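What follows is a short report on a single structure.
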Amino acid sequence: MPESAQVYTTKELAKGIAPEVVRTKSEIFVEDVLKEPRLKDVEEYLIRVAGRSLFTVPLIAAEQLQGVLQILSLHQHRFSEDDKRLVRILASELAEGLYRKKLSDALAEANKTLAEKNAELEQFVYSVSHDLKAPLISIQGFASQVQELYYDKLQYEARFALERIRYNAKVMEDMIMELLDLSRVGRETVKMDVIYLYEMTSSIIENYRGHIEAQRAKINISPDLPAVHFPRRRLEQVMTNLIGNAIRYTARVKDPCISVYAIDHLEMHEIVVKDNGIGIAQKDFEKVFRLFERGESDQPGSGVGLAIVKKIVEQYGGKIWIQSELGKGAEFHFTIKKREYT
2 MPESAQVYTT KELAKGIAPE VVRTKSEIFV EDVLKEPRLK DVEEYLIRVA GRSLFTVPLI
62 AAEQLQGVLQ ILSLHQHRFS EDDKRLVRIL ASELAEGLYR KKLSDALAEA NKTLAEKNAE
122 LEQFVYSVSH DLKAPLISIQ GFASQVQELY YDKLQYEARF ALERIRYNAK VMEDMIMELL
182 DLSRVGRETV KMDVIYLYEM TSSIIENYRG HIEAQRAKIN ISPDLPAVHF PRRRLEQVMT
242 NLIGNAIRYT ARVKDPCISV YAIDHLEMHE IVVKDNGIGI AQKDFEKVFR LFERGESDQP
302 GSGVGLAIVK KIVEQYGGKI WIQSELGKGA EFHFTIKKRE YT
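Quick note: my numbering has the sequence shown finishing at residue 343, numbered continuously throughout.
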């Protein structure tokens, strides 16, 4: 490129050739700017900067115009074919850079908006859940008082209704506590623990021993489950929810079987909870992780558990996903980053 070529960032040149390049998305080379009719309006500027040759190139990336590059030479007829080829390469690199910057800015803005919406949602969930606790406590208190004072005097229908009130109040209490817990994930300060996953999984299975024996379910826990670095209570929530789901969704299956194992990767552990239950339709894979939503089943649940699981896993740098077909069981996979244990 000519040594005397200069790059100007100015609104002056934008008045002449640039609008045509924007419109046509084609490059324009002017050998002598002082003889170019389209540059008459900026002739005074060109004389002031001593410009003679002008090469204007569109900046195109992803089939979209990102801008215009104009290079002004101080000498007439000084852009050789090699010079032009170099300018085109420069224009291509600039266009790609501008496009990536635009995408990066859009992604950053979207992430910022999402973070703000999530924060608003967390605050809303916390406020609503907290506000529901007081009237619920009153309902539970009055129901307990009625049972204590008048249960023997009530007819069967009234006793049944009272039991349903107490049962559903307990269900609501559990749901409120889960919502409050969900709002705390990511805002809490927790310490990381070294957890031997085989021991934790075995302990959780023991808590479900009654259900497992009633279903005559077969449980396979891999002895190769790794030691992981994670907040103990949060990982226990994840495993309890996934194992509990597997037990519920194999309740009506002949010869139910639940397996827990790990797949080793270079930078992460992949943990799998697998069952041979009723399965999940592919269209419901994302739905089951959303608050208050479940797949197409009549199994009981608050619709909060898997939302908490997803938030916990992602909060600590992991991912969670499902592999399943209706009628062919389900596999819940999630990852935990590897750490050095000292």
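We put the beta carbon where it would ideally sit given N, CA and C, even for glycine. Since the structure is predicted, the reported quantities are computational estimates derived from the model, not experimental observations.
Rounded to whole angstroms, what is the Cα-Cα separation between Val-31 and Ala-107?
Going by the C-alpha atoms only, they are around 36 Å apart.
Quick one: what's got a C-beta closer than 6 Å to Pro-257's C-beta in the same chain, skipping five residues either side?
Counting only Cβ-Cβ distances below 6 Å, and skipping sequence neighbours, we find Gln-216, Ala-218, Thr-251.
Put Asp-265 into one of helix, strand or coil per three-state DSSP.
It is a strand residue.
Should Ile-264 go down as buried or exposed, given a rule of 16 or more other Cβ atoms within 10 Å for buried?
Exposed.
By the three-class DSSP mapping on this structure, what secondary structure does Gly-142 have?
Residue state, collapsed to three classes: helix.
Of the residues Glu-64, Gln-65, Leu-70, which one's Cα is nearest the Cα of Leu-55?
Selected option, being the one with the closest Cα: Leu-70.
According to the neighbour-count rule (16 or more other Cβ atoms, all chains shown, within 10 Å of its Cβ), is Glu-4 buried or exposed?
With a pLDDT of 49 at Glu-4, under the threshold of 50, the predicted position of this residue should be treated as unreliable, and no value is reported.
Which value, in whole angstroms, describes the spacing of the CA atoms of Ser-260 and Met-176?
When rounded, the distance between both Cα atoms is 28 Å.
Whose C-beta lies closer than 7 Å to the C-beta of His-270 among residues of the same chain, with five residues either side of it excluded?
Excluding residues within five positions, the ones whose Cβ falls inside 7 Å are Pro-227, Val-229, Ala-263, Thr-336, Ile-337, Lys-339.
Rounded to a whole number of angstroms, what is the C-alpha to C-alpha distance between Val-43 and Ala-111?
So the alpha carbons of these two residues sit roughly 41 Å apart.
If contacts are defined as beta-carbon pairs under 8 Å, then Leu-180 and Val-305 qualify, I think. What distance do you get, rounded to the angstrom?
Yes, Leu-180 and Val-305 are in contact; Cβ-Cβ is about 6 Å, under 8 Å.
Tell me the rounded alpha-carbon separation between Lys-192 and Arg-235.
Distance between the alpha carbons of Lys-192 and Arg-235: 11 Å.
Between which two residues does the alpha helix (DSSP H) carrying Gln-216 extend?
That run of the alpha helix (DSSP H) goes 210-216.
Work out the CA separation of Leu-115 and Gln-7 for me, nearest whole Å.
Because the pLDDT at Gln-7 is just 47, under 50, the model does not fix this residue reliably, and the value given afterwards should be weighed accordingly. Near 43 Å, if we compare the C-alpha coordinates of Leu-115 and Gln-7.
When DSSP labels each residue in this structure, what does Asp-276 get in the three-state scheme?
The answer is strand: DSSP assigns Asp-276 an E or B state.
Using CA coordinates, which residue listed in Glu-158, Val-239, Ala-282, Ile-244 is at the minimum distance from Gln-316?
For Gln-316, the nearest C-alpha among the options comes from Val-239.
With burial defined as no fewer than 16 other Cβ atoms inside 10 Å of the residue's Cβ, what is the status of Phe-333: buried or exposed?
Buried, because 16 or more other Cβ atoms sit within 10 Å of the Cβ of Phe-333.
Measure the Cβ-Cβ separation of Asn-242 and Val-195 and say whether it is below 7 Å.
No. Outside cutoff.
By how many angstroms is the C-alpha of Lys-134 removed from the C-alpha of Ser-145?
Near 16 Å, if we compare the C-alpha coordinates of Lys-134 and Ser-145.
For the alpha helix (DSSP H) that contains Val-43, what are its first and last residues?
First-last for Val-43: undefined, no H or E at that position.
Taking a contact to mean a Cβ-Cβ separation below 7 Å, would you say Arg-53 touches Gln-77 in this structure?
Contact flag set, yes.
Starting from Ile-321, follow its DSSP beta bridges and name the residues at the other end.
Phe-335.
Only counting the same chain, and skipping five residues up and downstream in sequence, which positions put a Cβ closer than 8 Å to that of Ala-170?
Leu-137, Ile-140, Gln-141, Ala-144, listed in sequence order.
Under the assumption that Ser-203 contacts Ile-222 (Cβ atoms under 8 Å), give the Cβ distance between them as a whole number of angstroms.
Contact holds; Cβ gap of about 6 Å.
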